[in-house]
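Enquirer:
Residue numbers (this note's numbering), protein chains in the order written: chain E, 1 to 361; chain W, 362 to 722; chain D, 723 to 1083; chain L, 1084 to 1444.
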């Protein structure tokens, strides 16, 4: 293979660039997952994750990618034939809906145009219509990796409350966690689904469920079969920092390092501000190029088209371990790519982004 | 924390010592799992794994630990209420049986003394008794991590054939793969379950199913719900080296390096011979100490007691990336530990092991 | 310390960005420098270096930074009071001259404006004037790290030949080796000085002398005291791949990997072409900004001012493991920095560089 | 190359086993050696080294191996023709004496049997004989890497004082620093020479001089030519954490990590106690084997024969990052090796070492 000189710009919307420090932490000798050093590791990362999810409740960690954490959310709380309410905000919402169906649930899938987040009023009216409370869960994707569409979780929570509906509320934060502000407890979410390979700056291979007391209560009645994903075994073993089966120890080393960077060094609020600023610079470049931004104002990542928008859009990933000059290099690459590909566009996008970055620094 | 100088001797029966080369391979930048470099990686590791399992059929790789691959074996092939035949050869066989029950299967669990492998004759008679072919799967643990008991898979296969029973045959090789000879195709196994953190010398976080055509056929009828574990999506995406959801890319880098070491550099036969020799040296030390070896002749790993034998035995792990001097240091540590712990034993075990190693080198 | 998110752009003219592969190679267990594995390493890197210097003669490797290799060149070949001819092409030429003086040599230092390379005609006339052949060495810096000024070594060689002067010819290639074409044998250079931390993409800590037979002959008469730097001990031990004293083993691992990348994967000609193209793009950006390029056409690295030009110039490093998008990010950073610093400039430099890169790809 | 499974036991007397943490620290991106992060690194490692040398005076760090630091000690303080007093305690003392001669010094080399350290009374009488104070330096190797012979530096200091001789006192601690107690200030040493690759647990490539005010004063008069090794440039630049020429930045990262382990985590006194205990266990094994220990009581490392004792002895390295089980494995390897090589010996050495380790734990 011919060598490609210099650093690769991995600006897909995930996996994101893993910081060297995190890679080096992963590159440490595996330890006994039944011993005292492990217990300290286990307790530490669970505690740190709670701060990221902004919850005082339980967070469980799976040696699995994000799809596994979706499945865990559903099989722990629901029974065959249960109804769930889902919203078509993009490709990943569609995949989650397909999973629900294949697990034997009855998913009502509210159609969408892939350009707007979930409408809280629509949630309210759907739930009000469900007089007999057959809907057991409302499932929303916080930020759509495929489109950059972000839904307002706090407003959806308020809508559910207004409808006085007992449904569980499940949120996928795979591409928003640790890049857009998220508040599991304040927004009273019952199951939050997260993954390692976006804002947490880790390689893929870990995923998460943050729970509420109501979700754990629902798990007692739920009859979908489950062992690997079962929360109760996890939570019991986690009390002392251990896991019910062999954990992905080395990825947990990486998680410990990433949490240190996010919580203790940069600080979550600075992380959010950095992402917002780089996102705004990106949008200004796109507009100056005369291209259309697919999604509404809350977008976090543009991107290459998945599903419905395949061949029609591309996404400019700017999640995770990222800074001004990496973005600048990326946008220059996009501008050269547009020219090389014969796409009609106006020059000057990079300049607009630089102007914004310079003005906002 | 006080520093512990020098290298830790991780001689538990797994996770095993991960070679520096494998750790360093994992410590590489994550790449796009939809791009051409990834396809090459994916195709390569699947091909290598087939050589380790000794199969020309399909091998699927889960971003999950071994327990997940157990669950995958069961949910892909069986339906609620199906009967499975299992054998109590130790702690892990017991856990697999508990999982089967919790997934809604009816597990017949043949009791055992944790000192002997599965008796092929017993398999034959159990299957002959099952005139109506209600038993859908015979599940055996090849090597019991908890006791070192090894079952003879080829002879069990012959017993199933003699009984002319159509049952599926499932084998757990989590602690035997790449350390004891194993032959998926020759022994006509339908589902082989494997994990990354023992003979494959990787951190935990990957697990495997090797399949037969009969297993894939059974999957078409099986009704236990499954999405994350579903073979067909995996196999379809794997054709081009990809995965149906985000794979644990960095662990796959490690797998590629470990396969290179096992298949191209040391060679599987040499790997098996090395393990057999170090195991024999270990047994000689144990006998010279006047201690009892828990299991019969085919043992691969002694160990600290789990389950039934908790507090009664300890295990001397010697799997994976291991050599004479590491074993010697380990046995010296055991001998010093026996003395320190006031355990009655005869000195001289280390000497016997050294004599054997010197004579057999 | 507050975390700085994302990758640092180390665009100083050296040390350059060390590729991850090289860092990972360095991060390997140190081996016995008297054993057979080391011999293989030693022979391999010496052989590879010869290809980089384009010589069939000897190359010696010092566990030292570049300043050490300068000293080695002088103390191996010269005696107290010897005259040397040096040229003020920038800061490093000035430092080398100072070193010569401090070692007891008599350095004639031809003044320069830091914007032009050495004039071959001037070399010829200086040598012709030296009827009694008191000048023992002509010392030239190939590429001035401080200014980007490149001197034409082949033409200077021709000038020495025309003057029929027996002087040794010494060339410093610390910031040109493996980024601009260099030909030790073809240009009949007697001592070439090189370092690890620029085009060779290594951390600092290794430096080199490539020799001629004439240089080794001169060493027999030279009386400046030397032990650490003595060539003959090196060359003798190097025959079998060893060193006369403990070598910097781990940096040699990195050198082996870097040589593999340069020679076997990218290829030296491609390396040179890449550097030339990125340099041209940089110059176009600088001109578009309305700034002045300090040096003449052969420049390789602009830079922050050292010595004479301190506070007046800055240098844009683009040596080593570098590509289009890294350059683009760097130039964007320069443009934002010019704005932030209130430096009068015209926007559009980045655009010019992108246009050139797109057109020349 | 055939794969050698498991971890290599690098039990030569140096380079020693580099801890993974130190390797991983070295495996970090090189930074600008003129920037503020570097200044912090530079100041930190110099401060830590002072604690290791037990000095409040200056310590300089060379990007060079130990031989360079020997040369630095001599060329900074002495002039051609100066007399130095040296003692033949082993191979490295002999090499240092040869270097002195080759640098133009007149070395009086007191013969020795390679089994005993320097006799303080002999130092005193030699200095008393030198009525005209022609001896400018007394040079002693603290611990001889080639034989394990250790000299009593404090007693030699007292002998010099008793002789009321103004000579400088230089000590080579390359294989003793950070493994045997050493006190630069208390013992009033003028130049202490150290290296990175033994007790400091680093790869080779860094070496050190610890100075006294008297040594710096001597440097003002000394006329041996020097630039790379010149202390004054180093000390001036070091004030702000920088270096007069490019330092070996990545090895300095490793030094920072190693100093943290030695000073803050294990503690120097514990480091010394650990080395003493493992050394005693080693000697007991050797005696039980019926072999002869080459050196007197203060030995630290046995070893394979260099120089005079080539082919007659071997050395069992146990310096640096080392613990009981690594020693046990090493001794088992020696015992198997003696048997394999047909060397007459008595079995039981390993047992004696284990007994001692168990009793002393």
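Even for Gly, the Cβ is constructed at its ideal location relative to N, Cα and C.
With a Cβ-Cβ cutoff of 7 Å, do residue 766 of chain D and residue 978 of chain D count as a contact?
Expert: yes
Enquirer: Using C-beta distances below 8 Å, list every residue in its chain close to residue 1433 of chain L, excluding the 5 sequence neighbours before and after it, in chain order.
Expert: These residues qualify, in order along the chain: 1368, 1411, 1414, 1415 and 1418.
Enquirer: For residue 1446 of chain L and residue 1205 of chain L, I'd like the C-alpha separation in whole angstroms.
Expert: For residue 1446 of chain L there is no data in the structure shown, the boundaries of chain L being 1084 and 1444.
Enquirer: When you compare only the Cα positions, how much space is there between residue 1200 of chain L and residue 1303 of chain L?
Expert: 32 Å
Enquirer: Where does residue 930 of chain D sit, in a helix, a strand or coil, going by DSSP?
Expert: Three-state DSSP puts residue 930 of chain D in a strand.
Enquirer: Based on DSSP bridge pairs, tell me the residues matched to residue 498 of chain W.
Expert: W:445 and W:529
Enquirer: Report yes or no: is there a C-beta of chain W within less than 7 Å of the C-beta of residue 1412 of chain L?
Expert: Contact of residue 1412 of chain L with chain W is assigned, a C-beta pair being separated by under 7 Å.
Enquirer: Please confirm whether residue 317 of chain W has its beta-carbon closer than 7 Å to some beta-carbon of chain D.
Expert: Chain W is shown from 362 up to 722; residue 317 of chain W falls before or after that span and cannot be answered.
Enquirer: Who are residue 108 of chain E's beta bridge partners in DSSP?
Expert: E:85
Enquirer: By Cβ distance, which residues of its chain are closer than 8 Å to residue 1081 of chain D, with the 5 residues on each side in sequence left out?
Expert: none
Enquirer: Taking beta-carbon pairs under 8 Å, can you tell me which members of the segment 17-32 of chain E lie near chain W?
Expert: 17, 18, 23, 24, 26, 27, 28, 29, 30, 31 and 32
Enquirer: Determine the extent of the beta strand (DSSP E) in which residue 427 of chain W is found, giving its start and end residues.
Expert: No beta strand (DSSP E) contains residue 427 of chain W, which is instead part of the alpha helix (DSSP H) from 427-438.
Enquirer: Examine chain W for any beta-carbon lying closer than 7 Å to the beta-carbon of residue 1241 of chain L, and answer yes or no.
Expert: no
Enquirer: For residue 1261 of chain L and chain W, any beta-carbon pair shorter than 7 Å?
Expert: no
Enquirer: With a cut-off of 7 Å, does the C-beta of residue 700 of chain W fall near any C-beta of chain L?
Expert: yes
Enquirer: DSSP three-state call for residue 392 of chain W: helix, strand or coil?
Expert: coil
Enquirer: Distance cutoff 7 Å, beta carbons only. Does residue 1385 of chain L sit that close to anything in chain D?
Expert: Here the model assigns residue 1385 of chain L a pLDDT of 36, short of 50, so the residue's position is not dependable and the matter cannot be decided.
Enquirer: Return the CA-CA distance between residue 1012 of chain D and residue 1005 of chain D, expressed in angstroms with no decimal places.
Expert: 11 Å
Enquirer: Between residue 430 of chain W and residue 570 of chain W, how many whole angstroms is the CB-CB distance? I'm expecting something under 8 Å.
Expert: Indeed, because the Cβ distance is near 6 Å, the residues count as touching under 8 Å.
Enquirer: On the DSSP letters alone, give me the boundaries of the alpha helix (DSSP H) that residue 1144 of chain L sits inside.
Expert: No alpha helix (DSSP H) contains residue 1144 of chain L, which is instead part of the beta strand (DSSP E) from 1142-1145.
Enquirer: Who are residue 872 of chain D's beta bridge partners in DSSP?
Expert: D:865
Enquirer: Any Cβ of chain W within less than 7 Å of the Cβ of residue 1355 of chain L?
Expert: Using a Cβ-Cβ cut-off of 7 Å, residue 1355 of chain L does not count as an interface residue toward chain W, since no Cβ of chain W sits closer than that to its own.
Enquirer: Can you tell me the Cα-Cα spacing of residue 346 of chain E and residue 339 of chain E, whole angstroms?
Expert: 10 Å
Enquirer: Please tell me whether residue 409 of chain W has its Cβ less than 7 Å away from any Cβ of chain L.
Expert: no
Enquirer: Helix, strand or coil: which one does DSSP assign to residue 1275 of chain L?
Expert: If DSSP states are grouped into helix, strand and coil, residue 1275 of chain L belongs with the strands.
Enquirer: Can you grab the Cα-Cα spacing for the pair residue 527 of chain W / residue 491 of chain W, in whole Å?
Expert: 11 Å
Enquirer: Using only alpha-carbon positions, find the residue among E:74, E:80 and E:148 that is nearest to residue 292 of chain E.
Expert: E:148
Enquirer: Ends of the alpha helix (DSSP H) at residue 1098 of chain L?
Expert: Segment: none, residue 1098 of chain L is in no alpha helix (DSSP H) and carries neither H nor E.
Enquirer: In chain order, what residues of the same chain have a beta carbon less than 6 Å from the beta carbon of residue 392 of chain W, not counting five sequence neighbours either side?
Expert: Same-chain partners within the cutoff: 398 and 399.
Enquirer: Indicate the three-state DSSP secondary structure (helix, strand or coil) for residue 1375 of chain L in the structure shown.
Expert: coil
Enquirer: I want to verify the contact list: residues of chain W whose CB lies under 8 Å from the CB of residue 1406 of chain L, in sequence order.
Expert: Chain W residues near residue 1406 of chain L: 365, 366, 367 and 368.
Enquirer: Could you round the C-beta distance between residue 1274 of chain L and residue 1150 of chain L to whole angstroms and report it? I think they count as a contact, below 8 Å.
Expert: So it is not a contact: roughly 15 Å between Cβ atoms.
Enquirer: Counting only beta-carbon separations shorter than 7 Å, does residue 1076 of chain D have a partner in chain E?
Expert: Contact with chain E is found for residue 1076 of chain D, since one of that chain's Cβ atoms lies less than 7 Å from the residue's Cβ.
Enquirer: Note down, in chain order, every chain L residue with its Cβ under 9 Å from the Cβ of residue 578 of chain W.
Expert: Under the 9 Å cutoff, chain L gives no residues; its nearest Cβ is about 39 Å from residue 578 of chain W.
Enquirer: Quick one, which of D:939, D:990 and D:925 has its alpha-carbon nearest residue 1334 of chain L's?
Expert: It is D:925.
Enquirer: State the Cα-Cα distance for the pair residue 1298 of chain L and residue 747 of chain D, rounded to the nearest angstrom.
Expert: Cα-Cα distance, rounded: 40 Å.
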